[in-house]
Structures are given as C-alpha cells and as structure tokens.
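> Residue numbers (this note's numbering): 43 to 348.
Built from N, CA and C at the ideal position, the CB exists for glycine as well.
All figures in this text were calculated on a predicted structure; none of them were measured in a lab.
Got a structure for you, written out below as structure tokens; questions coming shortly.
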Amino acid sequence: MNDNTDVLVVGAGYLGQTVAQLSAASGARVYATTRSENRFATLSDNGFHPIRFDWTDQATSRNLPLQQLSAAARVLVAVSYDRNSRLGRYESQVGGLRNLLQLLPTDVRLCYISTTGVYHQTDGRWVDETSPTHPNRLGGRVHLQAEGLLHAHRPAAPWTVLRLAGIYGPHRVPRAADVVAGRPIAAPETGFLNLIHVRDAARAVLAAWQTMADPPQRVSVGMQSRLFLVADDAPVVRGDFYREIARQCGAPPPRFVPPAADAPIRMRSDSNKRVWNRKLRRGLLPGLDFPDYRCGLADVLQAPIE
C-alpha cells in the first residue's frame with residue numbers, strides 16, 4: 043500500500059500498535075491515543091505521536107490533532123473496554139464513540155473494530171456477514187449498538203466495520219505457558235475457536251482504508267457493503283489448538299479440566315460457531331500471511347512464551 047495520508051489510531055493496544063507500525067512503514071505520520079502513562083512513553087519511543095485521550099472524557103478532546111490531520115486521513119477505532127472503569131460498557135463504548143464522532147471530520151476514512159462475539163450461534167454452524175446477530179453477552183450487544191450508531195451518524199461518510207475473531211500473535215497466545223509447563227487447561231476441550239493473527243488483522247485495517255480511497259468509496263445506505271468478518275481460513279476445535287501448541291513446543295499433550303461456573307471462558311465457549319471469511323478474502327485480503335492456526339503458531343511460538 044502506498045498511502046501517506048495521516049493515521050489516527052484511537053486505542054493503541056495490541057492491534058492498534060501493529061496498525062501504527064505498518065502505517066509508519068508505509069510513510070504515514072501516525073498519531074496514537076492512550077490513557078496509559080507507560081504506553082505513552084512506548085508510543086513516543088517507537089516514533090509515533092502519542093496523545094493522552096479518554097473518549098469518555100470530553101475535556102480531553104482538545105488533545106486530538108484535528109487541525110493537523112490531512113484530508114481524508116485514516117482513523118482506526120480499536121478501543122477495548124476498561125474493566126476498571128467507573129463507567130458501564132454502554133456508557134463507555136457507545137457513549138465514547140458518540141463523543142468521538144462529534145469531533146472527527148466527516149471525510150476521514152474510519153475503520154471500527156467490532157467482534158464476532160455479536161453472533162449468538164451455539165451449534166457449530168457457519169456464520170457470515172448476513173447471519174442473524176442476537177448476542178447473549180453484553181460485550182456483543184454493545185458492539186452492535188456501536189455499529190448502529192456509526193451507521194446512523196455517518197450515513198454518507200466513508201467507514202468500515204471489521205468484526206474480528208480472536209486475535210493472537212507474538213506474546214499473546216492465551217494459556218500457551220500453561221501448556222508448556224504441563225498445567226491443566228481450565229476450559230472446555232470442545233467447541234470451535236475462530237482466530238486471526240494480529241498481522242493479518244492489521245493488514246485488513248489497511249486494506250479497508252484503501253478500499254475507501256481507490257477507487258473512491260461508493261457510499262451505500264446499507265451496512266452490508268461496509269461490513270467484513272475477519273478470521274483465518276481454519277476454525278479449530280479448542281482441544282486441537284492447544285494440542286498443536288504442545289506439539290510445536292515439544293510439550294506433553296494438554297490436560298483439560300472444567301472451568302469454574304462463573305469463569306469468562308465458560309461464557310465465551312457457549313457461543314460455538316465457525317466464521318466464514320469468504321467476503322474478507324474476496325474484498326480485502328486475497329491472501330493471508332497466516333491462513334491457519336498451525337502456520338500462525340509456528341510464527342508466534344518463535345518468541346519467548348510469557
């Protein structure tokens with residue numbers, strides 16, 4: 043990609059920092075927001091322009107470099123909910139997005155990160171962009187409301203929603219250390235995992251921005267043309283995923299024990315589906331760097347396991 047317009051990353055977490063790195067490598071000037079003092083210093087050290095910004099606090103809106111952004115700047119919204127926040131999920135995630143949309147120029151190319159958690163299916167069936175969404179968990183419901191807010195407030199502006207599967211990558215493979223150490227995995231062995239390597243997720247963001255610019259986006263009144271599921275080619279049964287980690291690390295096969303009744307993994311595993319990435323492959327990323335979990339893990343497990 044050769045697009046040197048400015049980039050504003052709202053929420054410079056695991057995905058946001060990867061997008062920032064790829065954007066800077068393409069020659070863009072990158073602004074990145076954070077609430078964390080430690081992350082502020084890291085962003086500066088990495089050559090980005092860090093901004094202290096809390097989208098639930100309108101007083102910090104003056105920190106956004108709105109006058110400095112070039113025309114048709116690229117904006118990524120990838121804000122995770124802070125469980126330590128004094129605010130609830132709706133007030134934080136939907137209210138925060140509403141505050142941000144009131145600040146941003148309408149000509150920016152905005153990419154909003156949503157989740158495949160909006161799908162409620164529990165029988166292992168395939169889902170795509172046209173499948174019904176009736177999430178049982180609050181996080182999925184809030185993301186759907188945020189998607190609707192974006193559609194209602196910017197019907198004629200360039201934006202895209204990416205519903206991401208579970209992100210993994212260097213230093214981020216849940217329970218890999220437990221597998222290597224031989225500790226039991228407190229999770230169901232069955233049920234499908236839908237995954238995407240962080241680099242491919244970041245490449246999907248850059249590709250979404252590009253489709254809004256070259257050729258210029260033909261604005262549609264509907265959501266479908268602006269919505270993509272982002273997952274790799276190979277949904278995997280949870281037990282097989284952890285057995286592959288053990289195989290690649292030379293560890294014994296993992297043991298599984300039932301999770302606690304109130305454990306988040308039990309609630310997440312209730313949503314059992316397979317994500318079909320056909321539209322992503324046709325419209326944004328014809329080729330993934332890591333099309334399945336095996337090659338993704340081979341890349342990730344080269345780094346020290348934390």
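Below 8 Å on the Cβ atoms is my guess for L206 versus T157; work out the distance and round it to an integer in Å.
Taking the first residue of the sequence shown as position 1, residue 206 is located at position 164. Taking the first residue of the sequence shown as position 1, residue 157 is located at position 115. Between T157 and L206 the Cβ distance is about 6 Å, and since that is below 8 Å, they are a contact.
> Note the first and the last residue of the continuous beta strand (DSSP E) segment covering T84.
On the sequence shown, residue 84 is found 42 positions in, with the first residue counted as 1. Note, T84: premise wrong, no beta strand (DSSP E); alpha helix (DSSP H) at 79 to 87.
> For the segment 124 to 143 against the segment 60 to 70, are there 3 or more C-beta pairs whose distance is under 8 Å?
The segment 124 to 143 vs the segment 60 to 70: no contact.
> Compute the distance between the beta-carbons of L192 and I155, then report whether it is under 7 Å.
For the purposes of this step, residue 192 is identified with residue 150 of the sequence shown, where counting begins at 1. For the purposes of this step, residue 155 is identified with residue 113 of the sequence shown, where counting begins at 1. Inclusion of L192 and I155 in the CB contact set at 7 Å is not warranted, their separation being larger than that value.
> Looking at A327: is its Cβ nearer than 7 Å to the Cβ of A246?
Counting from 1 along the sequence shown, the entry for residue 327 is found at position 285. Counting from 1 along the sequence shown, the entry for residue 246 is found at position 204. According to the sequence as given, residue 327 is Leu; it is not Ala. Pairing L327 with A246 gives a Cβ-Cβ distance under 7 Å.
> What would DSSP say about G53, mapped onto helix, strand or coil?
Your numbering for residue 53 matches position 11 in the sequence shown. Three-state result, G53: coil.
> Only counting runs of 4 or more residues, tell me where the alpha helix (DSSP H) segments fall wholly within the segment 227 to 261, in order along the chain.
240 to 253
> In chain order, which continuous runs of the alpha helix (DSSP H) of length 4 or greater are located wholly inside the segment 117 to 184?
137 to 145
> Return the residue from the list P92, I209, R336, A223 that minimises the CA-CA distance to G74.
Mapped onto the sequence shown, residue 74 falls at position 32. Residue 74 is actually Ala in this sequence, not Gly. Answer by Cα proximity: P92.
> Is L142 closer than 7 Å to W97 when the C-beta atoms are compared?
On the sequence shown, residue 97 is found 55 positions in, with the first residue counted as 1. On the sequence shown, residue 142 is found 100 positions in, with the first residue counted as 1. Yes, the pair counts as a contact, with Cβ atoms nearer than the cut-off.
> Would you identify the three-state DSSP class for H193, choosing helix, strand or coil?
Position 151 of the sequence shown holds residue 193. H193 falls in the helix class under three-state DSSP.
> Output needed for Q259: all residues of its chain with C-beta closer than 6 Å, excluding positions within five of it in sequence on either side, in chain order.
The residue you call residue 259 lines up with position 217 of the sequence shown. Bear in mind that the predicted position of Q259 carries a pLDDT of just 49, short of 50, making it unreliable; the figure below should be weighed with that in mind. The beta carbon of Q259 lies closer than 6 Å to those of P200 in the same chain, with the five residues before and after it left out.
> Tell me where the alpha helix (DSSP H) around F283 begins and ends.
Within the sequence shown, the letter at position 241 stands for residue 283. Element bounds for F283: 280 to 291.
> Below 8 Å on the Cβ atoms is my contact criterion, and I expect A293 with G338 to pass it. Report the Cβ-Cβ distance as a whole number of Å.
By one-based count along the sequence shown, residue 293 stands at place 251. By one-based count along the sequence shown, residue 338 stands at place 296. In fact, because the Cβ distance is near 18 Å, the residues do not count as touching under 8 Å.
> Helix, strand or coil for A74, going by three-state DSSP, please let me know.
Stepping through the sequence shown from its first residue, residue 74 is reached at position 32. Here A74 sits in strand by DSSP.
> Which of the three DSSP states is assigned to R320 in this structure?
Numbered from its first residue, the sequence shown carries residue 320 at position 278. In this structure, R320 counts as helix in the three-state DSSP scheme.
> Suppose contacts are defined by Cβ-Cβ distances below 7 Å. Is D312 in contact with A276 by that definition?
The residue given as residue 312 occupies position 270 in the sequence shown. The residue given as residue 276 occupies position 234 in the sequence shown. It is not a contact, given that the beta carbons lie outside the stated cut-off.
> Let me know if P107 comes out buried or exposed under the rule of 16 or more other beta-carbons within 10 Å of its beta-carbon.
Within the sequence shown, numbered from 1, the residue matching residue 107 stands at position 65. P107 comes out exposed.
> Who does H91 pair with in a DSSP beta bridge?
Working through the sequence shown from its first residue, we reach residue 91 at position 49. Per DSSP, Y73.
> Among G58, R336, S103, R285, which one has its Cα closest to the Cα of R424?
Residue 424 is absent from the structure shown; the chain starts at 43 and stops at 348.
> To which residues of the same chain is V49 closer than 6 Å at the C-beta, ignoring the five residues directly before and after it?
As a working mapping, residue 49 is identified with position 7 in the sequence shown. Within the same chain, V49 has close Cβ partners S65, A70, V72, R116.
> In whole angstroms, what separates the C-alpha of R128 from that of D99?
The count along the sequence shown starts at 1 and reaches residue 128 at position 86. The count along the sequence shown starts at 1 and reaches residue 99 at position 57. The alpha-carbon atoms of R128 and D99 are separated by roughly 12 Å.
> Exposed or buried, which one is V148 when buried takes at least 16 other CB atoms within 10 Å?
By 1-based counting over the sequence shown, the position of residue 148 is 106. The amino acid at residue 148 is misidentified as Val; the sequence shows Thr. Flag for T148 reads exposed.
> Is any heavy atom in the ligand HEM found nearer than 6 Å to the beta carbon of V136?
Here there are no bound small molecules, and the ligand HEM is not part of this structure.
> What do you reckon, are the CB atoms on A229 and P301 nearer than 7 Å?
Numbered from its first residue, the sequence shown carries residue 229 at position 187. Numbered from its first residue, the sequence shown carries residue 301 at position 259. Closer than 7 Å, so yes.
> Among the candidates R268, A255, V160, whose CA atom is the shortest distance from the CA of P197?
Translated into positions along the sequence shown, residue 197 becomes position 155. The shortest Cα separation from P197 among R268, A255, V160 belongs to R268.
> In the DSSP assignment, what are the bridge partners of R104?
Here residue 104 is taken as the residue at index 62 of the sequence shown, counted from 1. DSSP lists no partner for R104.
> Apart from the five residues on each side of it in sequence, which residues of its chain come closer than 7 Å, Cβ to Cβ, to S12?
Residue 12 is absent from the model: the chain starts at 43 and stops at 348.
> Can you round the beta-carbon distance between A244 and V119 to whole angstroms, since I take them to be within the 8 Å contact cut?
For the purposes of this step, residue 244 is taken as the residue at position 202 of the sequence shown. For the purposes of this step, residue 119 is taken as the residue at position 77 of the sequence shown. Contact flag wrong, Cβ pair sits at about 14 Å.
> Which stretch, first to last residue, makes up the alpha helix (DSSP H) that contains L339?
Translated into the one-based positions of the sequence shown, residue 339 becomes position 297. L339 -> alpha helix (DSSP H) spans 335 to 342.
> Which whole-angstrom value describes the C-beta separation of D274 and I238, a residue pair presumed to lie in contact below a C-beta threshold of 8 Å?
Position 232 of the sequence shown, counted from the start, is the residue given in the question as residue 274. Position 196 of the sequence shown, counted from the start, is the residue given in the question as residue 238. The Cβ separation is near 6 Å, so the contact holds.
> Among the candidates G233, F234, F270, whose CA atom is the shortest distance from the CA of A249?
Locating residue 249 in the sequence shown gives position 207, counting from the first residue. Per the Cα distances, F270.
> Please report how far the alpha carbon of N88 lies from the alpha carbon of N319, in whole angstroms.
Indexing the sequence shown from 1 puts residue 88 at position 46. Indexing the sequence shown from 1 puts residue 319 at position 277. In a straight line, the C-alpha of N88 is about 32 Å away from that of N319.
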